[in-house]
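Undergrad:
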Amino acid sequence: MDPWIASALGGGGGLLAGAALGWLLRRPGPERAPEGEAAEELLEETPVAFLVYGDEGDILFANRAAETLFFEGEAPLGQNFLTLVRQSPEPLRGALLGEATLFSLEDADGTPQTYQLSRTELEGRGEGEGPRTLLMVNHLTREVSRREVAILKKVIRVIGHELNNSLGSMGSLLGTARYIARNPEHLERLEEVLATVEERTEHLKKFLAGYADLAKLPRPRKREQGFGPLLERVARLHPEVRVEAAPEEEGWFDEAQLEQLLINLVKNALEAGSPAEEVEVRVVAREEGGWDVRVLDRGQGFGEEAIESALLPFYTTKPGGSGLGLALCREVAEGHGGSLGIRRRQGGGTAVTCSLPPKKVVKQSSRAALTLTRS
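Counting from 35, one number per residue, gives the positions in the sequence shown under the numbering used here.
1) Quick one: what does DSSP say E368 is sitting in, helix, strand or coil?
2) Taking just the CA atoms, how far does K240 sit from P392?
3) Take the Cβ of R191 as the centre, count every other Cβ of all protein chains shown within 10 Å, and call the residue buried at 16 or more, exposed below.
4) Hey, could you find the ends of the beta strand (DSSP E) R316 is sitting in?
5) T405 to Q380, Cα distance in whole Å?
6) Out of G335, R120, F115 and A96, point me to the one whose CA is closest to A109's CA.
7) Drop a sphere of 10 angstroms on the beta-carbon of Y213, count the other beta-carbons inside from all chains shown, and report buried for 16 or more, exposed for fewer.
8) Measure the Cβ-Cβ separation of L374 and G324 and say whether it is below 8 angstroms.
9) Pull up the CB-CB distance for R153 and L136, whole angstroms please, since I reckon it's below 8 angstroms.
10) Using 8 angstroms as the threshold, is the C-beta distance between L299 and E314 below it?
11) What does the alpha-carbon distance come out to for the pair S203 and E226?
12) Between Q147 and S138, how many whole angstroms is the CB-CB distance? I'm expecting something under 8 angstroms.
13) In chain order, what residues of the same chain have a beta carbon less than 7 angstroms from the beta carbon of P81, not counting five sequence neighbours either side?
14) Could you give the DSSP three-state label for Q150: helix, strand or coil?
15) When the Cα of E90 is compared with those of F104, E232, N114 and E75, which residue comes out closest?
16) Helix, strand or coil for H272, going by three-state DSSP, please let me know.
17) Within the same chain, show all residues whose beta-carbon is closer than 7 angstroms to that of D92, passing over the 5 residues directly before and after it, in chain order.
18) Contact between the region 266-275 and the region 217-235: three or more CB pairs below 8 angstroms?
19) If I measure Cβ to Cβ from V317 and keep anything under 8 angstroms in the same chain, skipping five residues before and after, which residues do I get?
20) Could you pull out every residue in the same chain whose Cβ sits closer than 7 angstroms to the Cβ of P309, ignoring the five residues on either side in sequence?
21) Thinking C-alpha only, which one of K187, G194 and P218 is nearest L242?
22) Ordered along the chain, which non-local residues of its own chain (more than five positions away) have a Cβ less than 6 angstroms from that of K256?
23) Any idea which residues DSSP pairs R328 with across the strands?
24) Comparing C-alpha positions only, which one of R166, Q291, P125 and P165 sits nearest to P252?
25) When burial is assigned at 16 or more other CB atoms within 10 Å of the CB, is R364 buried or exposed?
26) If I measure Cβ to Cβ from G372 and keep anything under 6 angstroms in the same chain, skipping five residues before and after, which residues do I get?
27) Let me know if G359 comes out buried or exposed under the rule of 16 or more other beta-carbons within 10 Å of its beta-carbon.
28) Can you tell me whether A215 is buried or exposed, with buried defined as 16 or more other CB within 10 angstroms of its CB?
29) Considering Cα atoms alone, identify which of R320, P254 and N198 is closest to Q294.
30) Under a three-way DSSP split, which group does F287 fall into?
31) In terms of residue numbering, what span does the beta strand (DSSP E) encompassing T167 cover?
32) For A319, tell me which candidate among T387, P165, T117 and E311 has the shortest Cα-Cα distance.
33) What would DSSP say about E232, mapped onto helix, strand or coil?
34) With distances taken between CB atoms, is the gap from G383 to G335 smaller than 8 angstroms?
35) Are any of the Cβ atoms in chain D nearer than 8 angstroms to that of D326?
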């Protein structure tokens, strides 16, 4: 692997992404197939923004994270990075051209966002090839969120509690089974002991499977299609709730993932105590493009603290709840380049909205403060 990659990226997953970038820079064009295709796919999946520009500023490479962070999801090849930076507002210009490795800027909502920046100068590799610059930017705010760290600590405690409870009870039951084996006159109790062990094993499997689902959610396979068949299936699964007619406009979404999102939201609404006839499912086309997929209820709703934490993984207000339902819905929405929002309804209850972008926005959208192409 190239020395500049090793020094710039350190260890772990960064080395893998760095190796992939090194391959692409060494073998441009069709020469990189098929190994280069795998390298490019690896780079596209990393959350760190990678951008390479030449000595005149021409952009030579940008992965998906860089397109999202700097260019509103659009491919920037052919543009001049230095020109775009010089035309950007002073806080952003100073951050990208300065020497600081950590900097903070406010996003569109006025919320401070923290970034880590690394810049590495690369020498030309062949005759007539000028120097290049590798820029790497990592959005740290979400990673260092104290609230998410607290949630992570909580989930470790929850998993430990579940494991200890299940394994402790199974250990006790195995002791009972040994006693029965030594005392055949109690053999009729063995079936009950084994049934309880089986029940605890199944409980543990389901508990752990729920956590695994969040990590295994695949990238959505979006296609142009109407919302009608999707809403009809939801209506068949929950005939007791109100499902409004689909809009005439076709959407751009993964049908299976959006169906799972709606099923989770309807289930949450019913578990919150809403009368079934007051649970509403609707899809609304936005004037500016895109769609809002909404589930409204008249349940007990969220408190102020709960509504701020509801979308975080493993946060739950339900006894015995996993805290994964809404987090999984958020992953589905963000995987489509959209967002998931929760608000309290006037008169009681909750409205959850999955906002999906129009078809032309095929990359994940960003509200971060580093966009260079925002008008």
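Cβ coordinates follow ideal geometry from the N, Cα and C atoms, glycine included.
TA: Straight from the coordinates:
1) helix
2) 36 angstroms
3) exposed
4) E314 to A319
5) 36 angstroms
6) A96
7) exposed
8) no
9) Wrong, their Cβ atoms sit about 13 angstroms apart, outside the cutoff.
10) no
11) 14 angstroms
12) 6 angstroms
13) A99
14) strand
15) N114
16) coil
17) N114
18) no
19) F261, L265, E278, A280, P281, G285, W325, D326, V327 and R328
20) R332
21) G194
22) W286, F287 and D288
23) R316 and T387
24) Q291
25) buried
26) S389, L390 and P391
27) buried
28) exposed
29) P254
30) strand
31) R166 to H173
32) T387
33) helix
34) yes
35) Absent here is chain D; the protein component of the structure consists of one chain.
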